[in-house]
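Structure, as structure tokens:
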Amino acid sequence: MQWVALAERPLTATELRIAMACDEGSHNPGSKRWEDSEDYIESDRRMETLMRTLSGGLVEIALYTSGLYRVQFVHQTVVDFMLTEGLPFLVQHVVPQSVGPCEDEEQFSNSRILGQSQDRLSRSCVNYFKQPEIMRRNWAVETERDEIIDGASCPLFKYAITNWLIHAEKAERLGLCQKHLVSQLEEPQGYFEKYVQYEYPVRLSSYCLQRGAVILHLMAFANLQGPARLLIERGDSIEDENLFGVRALHYATYHGHIEMVRLLLDAGADVGATQDGKYTPLELAASRAHDDVLQLLIERGGDINAISNSGTALEGASQSGDVRLVKKLLDIGARVDQEGKLDSTPLKAAARKGHVEVVLLLLSLGADVNHCKDYGTALQSAASAGHIEVCRVLLQHGASVSKVPKGIAGTRATALQCAANNNNISNSISTDIELLRLLLEYGADINMQDRRHGTALADAVRVHGQVNDDKPDIDPRILFLLENGADANAGCPLVLAASNGNLKLINLLLDRGADINAWDETNGSALAAAAGSWKRSARLLDSVKLLLKGGADVNRYYNSGHYLTSCSALQQAAHWGDLEMVSLLLGHGANINLGAGDSGGALHEAAAKGHLEICRLFIDLGADPYAEREFAGSVLHSAASNNNMDIIRLLLSSGVHVDHESDFHGGHGTTPLQVAAERGHLEAFNLLLAEGADIHHTGGIFHNMLHAAAYGGSVEIVDKCLKSGIDVNTKGGKLFGTALLAAASEGHAEVVEALLARGARDYTEGWWGSAWMKAAENGRRNVKKVLKEWGLERTRLLAPTKVNLLRTDYDTDRGEQQKGESIGRSQMSVDSH
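With the first letter of the sequence shown counted as 1, position 314 gets the number 314 in full-length UniProt numbering; the numbers rise by one all the way through.
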């Protein structure tokens, strides 16, 4: 009854069966599978029968519009009764196992009973996360992760991850202490790090838990003050950051939890802390329109004109659209034209969000309507979001329709281009055309072009030129621009039409004089764009045929300086494994080795993606297996990097040298075996080793095999390297110097443990250049824990000096220990220089 009455949404019968089973053993969560619970109900049919019997007909299973059958009370009056009288009555007769017996009448109050019930639901959710079925899942595998989130294999997961904190907060507000959550999240060892992996794929928010988070972050996010107070009192740092620089105060501020903000500030949290240079708490409070939190932060010393990389508090308030809050900040001294570090202003923020009232207020107070540096004007900001009324206001107040950024634009180059590719999905096509017409009426040049973004027509084709069965015709916005004088060649719209597989638009642009062999620095030629588009459909093959028939150069190739934009049409088709398109292009004379030394060639593309049949075809036709891609090595290096076992076998059977040395990541002399080790691919490593690859090879960016293996994180590969006789303390390489530093930097705690157990040394006595520093600067808490156990903790006291920087240099010839090294569990060194 508690689940039916208090769940944040009605559960399915399957979800309810699992939730009830997870209630057992809450004092020893995760000790058994829910299927092994004594009270586990094995089928939905039996569940339905029990519900109807035990509820006296008050509960039913109803069909929802989603197509799912969910458990609910038969009428709203039953819901109201359960929340006021029903649950207290039931609790007096059936005491929940998880909260113990009630000792006095106070504990039978309605609020107390509701609190106990919410607590029970929260505990059940946490117990569910610890089930073996979930704990053993590999969240690094996207398909497995999606299967869990979608409910295919773990039906209760999405509900539990989304709502357990809501149940916990409601329990705390009703007087039920939630301090037990700290131990629940800390046990078993390493569980919280696993839990962090659960959060982000479900919540998909910048202010949910992400890598590097600590339990205090979660408590601040959920407004659970009891556990937060416990963590602070026991000495946990209030300034811990996740890998993106977010602290507990940021979480609490963003979500408007004023009492949590107060608690953190009372404990000494930095009121001006940024997230890697962006978003102060004041900015967050202002952008979320949390007036009470904003006031508290100002009272505690927050600077309303402080500038971060993301702007100012006034900019945040302008973005929120809260006119009252904007006035308040202006009244207490916020500067109307305060420029952010990236040239943003409050006016641009308001324009970007379409807040007409805020725009008018700022303009009335003297905001510069044409402020423009690297990131464009307020007009561009409004046009890129399709806010026609804001654009009209800005133009009426003198906004320049032709002003362009001086540097690399954060928005498109001209207001007309911004309007042509605006991202306002709520706008109708007629509204978008009205915006284009408005800008043209104010004098916008329809063919104004910048080197990076092309023209308004090119932008419109990029965004609106897609075609499908529901949208077979050419978009009216594109036709409007062409009818008003847009040049069919300016900005290479043909290339973009080809990438969309839009046959009608391709024909129209060719009829308007578009050059069939024009080259776009981002997408290549029209033929390459059609062959390489990620929007795979039969229309792309038809586009390739159309372009070839029209005279497109099958070997059109341009070295743009980057392999992603230097690919020929054949390389693009090979990349996608499109054998029919590959055969078509070869039949028209495509050069199989085009791109060698730069973008790698067609065989390189096919090998990287594991397209065995295409690789076999290319090799039979004489493709060069030693053709190199910039910074990615030869074809065999590419296959090893992607663990493509069949491709590796094919190349070796074709006579490719197993230890071919190449330039990989800028380090010449790298072998495929090193690449497999660096990627942590045990299968590829074992295959290459079995085929005679030299495990003792030195060279390349990682210097030796052990360094590459430590970087890759495979304990098994590291063990093979050590067993082969490679010295655990061998030094060299451009990146890390030792295997221990490589593993610490990348967060491979198991590898760090294995290396230390085999005698690995940390060659510095202080902070700078130590394994502790590498772990700390990359947020590797799991590695720091291992290093601390081995006595290798360091304290950062001073910035590096010439002396201690020299002291951390490696003598790769002598391999000698330096003074003060720590090599055992018994030592702890503190940098006191």
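Quick reminder that beta carbons are idealized off the backbone N, C-alpha and C, glycines included.
Within 10 angstroms of the Cβ of Met135, are there 16 or more other Cβ atoms? Answer buried if so, exposed if not.
Working through the sequence shown from its first residue, we reach residue 135 at position 135. By the 10 Å Cβ count, Met135 comes out exposed.
Delimiting residues of the beta strand (DSSP E) encompassing Leu63
As a working mapping, residue 63 is identified with position 63 in the sequence shown. Its beta strand (DSSP E) spans residues Val59 to Leu63.
May I have a chain-ordered list of the beta strand (DSSP E) segments no shorter than 3 residues that lie completely inside the region 635-723?
662-664 and 667-670
Excluding the 5 residues flanking Leu218 on each side, which residues of the same chain have their C-beta closer than 7 Å to its C-beta?
Within the sequence shown, numbered from 1, the residue matching residue 218 stands at position 218. Excluding positions up to five away in sequence, the list reads Leu209.
Helix, strand or coil: which one does DSSP assign to Leu806?
Looking up residue 806 in the sequence shown gives position 806. Its pLDDT being 35, under 50, Leu806 is placed unreliably in this model, and the coordinates cannot settle the point.
Does the count of Cβ pairs from the region 186-201 and the region 248-259 closer than 8 Å reach three?
no
Assuming Ala62 and Gln72 form a contact by the criterion Cβ under 8 Å, report the distance between their Cβ atoms to the nearest whole angstrom.
Locating residue 62 in the sequence shown gives position 62, counting from the first residue. Locating residue 72 in the sequence shown gives position 72, counting from the first residue. Contact flag correct, Cβ pair sits at about 6 Å.
Check the DSSP bridge columns for Val71 and list the partner residues they point to.
The residue given as residue 71 occupies position 71 in the sequence shown. Residue pairing by DSSP places Val71 opposite Ile61 in a beta bridge.
Let me know if Gly601 comes out buried or exposed under the rule of 16 or more other beta-carbons within 10 Å of its beta-carbon.
The residue labelled residue 601 in the question sits at position 601 within the sequence shown. Buried is the call here.
Just the Cα atoms here: how many angstroms apart are residue 835 and Ala743?
Residue coverage of the chain in this structure runs from 1 to 833, which leaves residue 835 outside it and unanswerable.
Do His588 and Leu548 come within 8 Å of each other at the CB atom, strictly closer than that value?
What you label residue 548 is simply residue 548 of the sequence shown in a count that begins at 1. What you label residue 588 is simply residue 588 of the sequence shown in a count that begins at 1. Yes, these two residues count as a Cβ contact at 8 Å.
So is Ile478 buried or exposed if we call it buried at 16+ other beta carbons inside 10 Å?
Start at 1 with the first residue of the sequence shown, and residue 478 comes out as number 478. Buried.
Thr414, DSSP secondary structure in three states
In the sequence shown, the residue the question calls residue 414 occupies position 414. It is coil, neither helix nor strand.
Who pairs with Lys179 in a beta bridge, going by DSSP?
Start at 1 with the first residue of the sequence shown, and residue 179 comes out as number 179. Lys179 pairs with nothing; no bridge assigned.
Let's test the definition: count the other Cβ atoms within 10 Å of the Cβ of Val830 and tell me whether it reaches 16, buried, or not, exposed.
Along the sequence shown, one-based indexing puts residue 830 at 830. Annotation note: pLDDT 32 at Val830 (below 50); position unreliable, no value reported.
Can you give me the start and stop residues for the alpha helix (DSSP H) that Cys391 sits inside?
In the sequence shown, the residue the question calls residue 391 occupies position 391. Note, Cys391: alpha helix (DSSP H), Ile388 to Gln396.
Which residues in the same chain as Gln118 place their Cβ atom closer than 8 Å to its Cβ, once the five residues preceding and following it in sequence are excluded?
Numbered from its first residue, the sequence shown carries residue 118 at position 118. Here the set comprises Leu6, His167, Ala168, Lys170, Ala171, Leu174 and Leu176.
So, for Asp291: in the same chain, excluding its five sequence neighbours on each side, which residues have a beta-carbon less than 7 Å away from its beta-carbon?
Indexing the sequence shown from 1 puts residue 291 at position 291. Closer than 7 Å at the Cβ level, and outside the excluded window around Asp291, lie Leu325.
Would you report the Cα separation of Ala19 and Leu741, rounded to the nearest angstrom?
Start at 1 with the first residue of the sequence shown, and residue 19 comes out as number 19. Start at 1 with the first residue of the sequence shown, and residue 741 comes out as number 741. Between Ala19 and Leu741, the C-alpha separation is close to 45 Å.
Bridge partner(s) assigned by DSSP for Val519:
Against the sequence shown, residue 519 aligns to sequence position 519. As written in the sequence, residue 519 is Trp, which differs from the Val given in the question. Answer by DSSP bridge pairing, in chain order: Ser525.
Beta-bridge pairing of Asp450 - partner residues as DSSP gives them
In the sequence shown, the residue the question calls residue 450 occupies position 450. DSSP, once it has assigned bridges, lists Gly454 as partnering Asp450.
What do you reckon, are the CB atoms on Trp576 and Arg536 nearer than 8 Å?
Working through the sequence shown from its first residue, we reach residue 576 at position 576. Working through the sequence shown from its first residue, we reach residue 536 at position 536. When the beta-carbon positions are compared, Trp576 and Arg536 come within less than 8 Å of each other.
Straight-line gap, Leu687 to Met645 (C-alpha atoms, nearest Å)
If you number the sequence shown from 1, residue 687 lands on position 687. If you number the sequence shown from 1, residue 645 lands on position 645. Their Cα atoms are separated by approximately 8 Å.
DSSP state of Gly321 mapped onto helix, strand, coil
Here the question's residue 321 lines up with position 321 in the sequence shown. Coil.
Based on Cα-Cα distance, which residue from Gly680, Thr12 and Ala771 lies nearest to Thr738?
If you number the sequence shown from 1, residue 738 lands on position 738. Of Gly680, Thr12 and Ala771, the residue nearest in Cα terms is Ala771.
Are the region 144-155 and the region 182-189 in contact at 8 Å, needing three or more beta carbon pairs?
No, the region 144-155 does not touch the region 182-189.
Quick check on this structure: which residue in Leu503, Ser43, Gly398 and Ala350 has the alpha carbon closest to the alpha carbon of Ser384?
What you label residue 384 is simply residue 384 of the sequence shown in a count that begins at 1. It is Ala350.
Could you give the first and the last residue of the continuous alpha helix (DSSP H) run that contains Gln197?
Mapped onto the sequence shown, residue 197 falls at position 197. Where Gln197 is concerned, the enclosing alpha helix (DSSP H) stretches over Tyr191 to Arg203.
Just to confirm before moving on: does the CB-CB distance between Gln417 and Ala456 stay below 8 Å?
Here residue 417 is taken as the residue at index 417 of the sequence shown, counted from 1. Here residue 456 is taken as the residue at index 456 of the sequence shown, counted from 1. Yes, Cβ-Cβ distance for Gln417 and Ala456 is below 8 Å.
If distances are taken between C-alpha atoms only, which option among Pro227, Thr162, Asp303 and Gly226 comes closest to Pro201?
Working through the sequence shown from its first residue, we reach residue 201 at position 201. Minimum Cα distance to Pro201 is reached at Thr162.
Going by the CB atoms, is the gap between Lys353 and Gln319 shorter than 8 Å?
Here residue 319 corresponds to residue number 319 of the sequence shown, with the count starting at 1. Here residue 353 corresponds to residue number 353 of the sequence shown, with the count starting at 1. The criterion of a C-beta distance shorter than 8 Å is satisfied by Gln319 and Lys353.
How long is the line joining the alpha carbons of Ser634 and Ala627, rounded to whole angstroms?
If you number the sequence shown from 1, residue 634 lands on position 634. If you number the sequence shown from 1, residue 627 lands on position 627. Taking the straight line joining both Cα atoms gives about 6 Å.
For a test of the three-state rule: what should DSSP assign to Gly587, helix, strand or coil?
Residue mapping note: residue 587 aligns to position 587 of the sequence shown, counting from 1. Reduced to three states, the DSSP call for Gly587 is helix.
So the candidates are Phe129, Leu347 and Asn484; which of them puts its Cα closest to the Cα of Cys154?
Start at 1 with the first residue of the sequence shown, and residue 154 comes out as number 154. For the residues Phe129, Leu347 and Asn484, the minimum Cα distance to Cys154 belongs to Phe129.
Can the beta-carbon of Thr312 be found closer than 8 Å to that of Glu283?
For the purposes of this step, residue 312 is taken as the residue at position 312 of the sequence shown. For the purposes of this step, residue 283 is taken as the residue at position 283 of the sequence shown. It is a contact, given that the beta carbons lie within the stated cut-off.
How is the alpha helix (DSSP H) around Trp772 delimited, first residue to last?
Within the sequence shown, residue 772 is the residue found at index 772, counting from 1. Counting along the chain, the alpha helix (DSSP H) containing Trp772 begins and ends at Ala771 to Glu777.
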